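> Shown below is the structure under consideration.
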Ligand SMILES: NC(=O)c1ccc[n+]([C@@H]2O[C@H](COP(=O)([O-])OP(=O)(O)OC[C@H]3O[C@@H](n4cnc5c(N)ncnc54)[C@H](O)[C@@H]3O)[C@@H](O)[C@H]2O)c1
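In this note's numbering, the protein residues as written are 580 to 931.
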C-alpha cells in the first residue's frame with residue numbers, strides 16, 4: 580500500500596513536495612492552505628481529493644493519513660508539526676524547524692511523546708555532492724577537522740520581498756534563518772555534529788524597501804509596500820567543545836560579482852581538506868607518495884528534493900530514524916537563535 584499523505588501549505592515548496600510525492604506513487608489524499616484558491620489549485624494539479632483551509636479539520640477527517648508534509652511560513656511550523664504529531668501522523672517539516680529554540684523544544688517533546696517519525700527538510704544533505712563528501716570524510720580523508728567555513732552568497736536573492744519571508748513576525752529572520760539553516764546543517768553533518776559552546780554573530784538589514792532593490796528574479800512574488808525587517812547579510816563564528824570552529828557567511832543580497840553566485844562548505848583537517856562548491860562539485864585535498872594531491876570525485880547528479888521525500892517514505896515504512904533527526908534540527912535552531920542574539924547584544928553567546 581502506498582503511503583497516504585496530507586499537505587499543509589500549497590505554496591512553492593508545498594507544490595514541489597507534491598510533485599515528488601506524485602512521482603514516488605504516494606497517495607496524495609488531502610491538502611490544507613489558508614488560501615482556498617491555493618488548496619484548490621493544488622487539488623486540480625495533483626488530483627488531491629480533499630481540500631481544507633484549517634489543518635485541524637484535515638486531521639479530524641484524516642484517519643487515513645499516514646503522514647503530513649508541512650510547508651507553511653516558519654511561524655506556523657511549531658503549531659502545525661505539534662498538531663500533526665499529536666494526531667499520530669509522521670511529519671516531514673520544512674526548514675527551519677521553527678523560529679525559536681523554545682518552540683523547537685516543544686516540537687521535540689511532541690515528537691518523543693508521539694513515537695512518530697519527524698524529518699527536517701534539509702534538502703542540501705541529499706545532494707550527491709554532500710553524500711560523496713561525507714563518504715570521503717568517513718574514510719578519513721581529512722584526519723581531524725579543526726576548522727570549517729560555510730557560506731551562501733547571493734547577489735540578489737531576497738525571496739518574496741515584502742511578504743512573510745521578509746517579515747520577522749512570520750519568518751523569524753532573513754537570509755540567516757532561510758539559507759544559513761541549510762549551510763549550518765550541511766557543515767555540522769559533515770563535521771559529525773560536534774558540541775557547540777559559543778557563538779558570535781552580526782547581521783545587517785541593508786535593503787529595507789522594494790523601491791531601492793534592483794533585481795532580475797525572485798523566489799515567490801514581491802509585495803509592493805510590504806515589510807522587510809530582517810537580515811540580508813549575516814556572519815558568524817561558532818566554537819565547539821574540542822576547539823573546532825566554523826565560520827559562516829550568508830547573504831540574500833550583496834554587492835559582489837562572481838562571488839555572489841557561490842555556496843559551499845570547506846573543511847580543514849590535519850591530514851587533508853574538502854571543498855564543496857555549489858552543492859554540485861566536491862574536491863578533496865590531500866597528500867600521496869610525497870606529493871600534494873587534489874581529487875575530484877565523479878558521481879551521477881541526483882534530484883535531492885525527490886531523494887529527501889523518498890528517504891522520508893522509506894524511514895516510515897522501515898521504522899528507522901530519518902536524517903536529519905529532530906535533535907539535529909534543534910541544534911541548528913539553537914545556533915541560529917544564538918547568532919541573532921549575539922548580533923543584537925553585541926557579544927559572544929555562551930551555550931550551555
Ligand atoms: N527546502 C528548501 O530549499 C526550501 C525552499 C523554499 C522554501 N522552503 C520553506 O518552505 C516553507 C514554505 O515556503 P514557500 O516558499 O513554499 O512559501 P509560500 O509563501 O510559497 O507558501 C506558503 C503557503 O502556506 C500557506 N499558509 C500560510 N499560512 C498558513 C496556515 N496557517 N495554514 C495553512 N496554510 C498556510 C500560504 O497561503 C501559502 O500558500 C517555508 O518554511 C520555507 O522556509 C524551503
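For each residue, glycine too, the CB sits at the ideal point set by N, CA and C. None of the values given here were measured: they were computed from a predicted structure.
Evaluate residue 808 with the Cβ neighbour count: other Cβ atoms within 10 Å of its Cβ, from every protein chain shown; 16 or more gives buried, anything less gives exposed.
Classification for residue 808: exposed.
> Are the beta-carbon atoms of residue 644 and residue 759 separated by less than 9 Å?
Against a cut-off of 9 Å, the Cβ pair of residue 759 and residue 644 comes out as no contact.
> How close, in whole Å, do the beta carbons of residue 540 and residue 813 come, if the pair is a contact with beta carbons under 8 Å?
No answer is possible for residue 540: it lies beyond the span of the chain, which begins at 580 and ends at 931.
> At a cut of 8 Å, does the region 795-806 reach the region 764-774 through at least three beta carbon pairs?
no
> Could you please give me the residues that DSSP links to residue 841 through a beta bridge?
In the DSSP output, where bridge partners are listed per residue, residue 841 has none listed.
> Mind reading off the beta-carbon distance from residue 733 to residue 832? Whole number of angstroms is fine, and I expect it under 8 Å.
Contact check for residue 733 and residue 832: beta-carbon distance about 6 Å, within the 8 Å limit, so the pair qualifies.
> From residue 791 to residue 742, what does the alpha carbon distance come to, in whole angstroms?
One alpha carbon belongs to residue 791, the other to residue 742, and they sit about 16 Å apart.
> Ligand 1 and residue 882: does any heavy atom of the ligand fall closer than 8 Å to the residue's C-beta?
no
> Spatial neighbours of residue 864 within its chain, please: CB distance less than 6 Å, with the 5 preceding and 5 following residues excluded, ordered by chain position.
851, 852 and 873
> By a C-beta neighbour count over all protein chains shown, 10 Å radius and 16 as the cutoff for buried, is residue 828 buried or exposed?
Counting the other Cβ atoms within 10 Å of the Cβ of residue 828 gives 16 or more, which makes it buried.
> For residue 690, count neighbouring Cβ atoms within 10 angstroms of its own Cβ and tell me buried if that reaches 16, exposed if not.
buried
> Could you check whether the Cβ of residue 665 sits closer than 8 Å to any heavy atom belonging to ligand 1?
no
> Would you list the one or two residues that DSSP bridges to residue 775?
819
> Given a threshold of 16 other Cβ atoms within 10 Å of its Cβ, counted over all protein chains shown, does residue 927 qualify as buried or as exposed?
exposed
> Is the number of C-beta pairs between the region 584-599 and the region 607-627 that are closer than 8 Å three or more?
Yes, since at least three Cβ pairs between the region 584-599 and the region 607-627 fall closer than 8 Å, the two stretches touch.
> Under 8 Å by Cβ, that's how I've got residue 901 and residue 894 pegged, so tell me the actual separation to the nearest angstrom.
4 Å
> Could you give the uninterrupted runs of the beta strand (DSSP E) lying entirely in the region 852-931, keeping only those of 3 residues or more?
852-856, 860-867 and 870-874
> Excluding the 5 residues preceding and the 5 following residue 859 in the sequence, name in chain order all residues of the same chain whose CB lies nearer than 7 Å to its CB.
708
> Comparing the CB of residue 589 with every heavy atom of ligand 1, is any distance shorter than 8 Å?
yes
> Could you check whether residue 701 and residue 908 sit closer than 9 Å to each other, using their CB atoms as the reference points?
yes
> Apart from the five residues on each side of it in sequence, which residues of its chain come closer than 6 Å, Cβ to Cβ, to residue 844?
729, 765, 766 and 855
> According to DSSP, residue 609 sits in a beta bridge with which residue or residues?
585 and 629
> Sorry if obvious, but does the Cβ on residue 886 come closer than 8 Å to a heavy atom of ligand 1?
Checking every heavy atom of ligand 1 against the Cβ of residue 886, none is found closer than 8 Å.
> Between the alpha carbons of residue 835 and residue 841, how many angstroms are there, rounded?
About 11 Å.
> Given a cut-off of 9 Å on the beta-carbon distance, is the pair residue 654 and residue 740 in contact?
no
> Between residue 737 and residue 745, what straight-line distance do the alpha-carbon atoms span, to the nearest angstrom?
8 Å
> Cβ-heavy atom distance between residue 934 and ligand 1 below 8 Å?
Only positions 580 to 931 of the chain appear in the structure, and residue 934 is not among them; the question remains open.
> Whose C-beta lies closer than 8 Å to the C-beta of residue 890 among residues of the same chain, with five residues either side of it excluded?
698, 705, 901 and 902
> How far does the alpha helix (DSSP H) with residue 521 in it extend, from its first residue to its last?
Within the shown structure, residues of the chain are numbered from 580 to 931, placing residue 521 beyond reach of any answer.
> At a cut-off of 8 Å, is residue 675 close to ligand 1 when judged by its beta-carbon and the heavy atoms of the ligand?
yes
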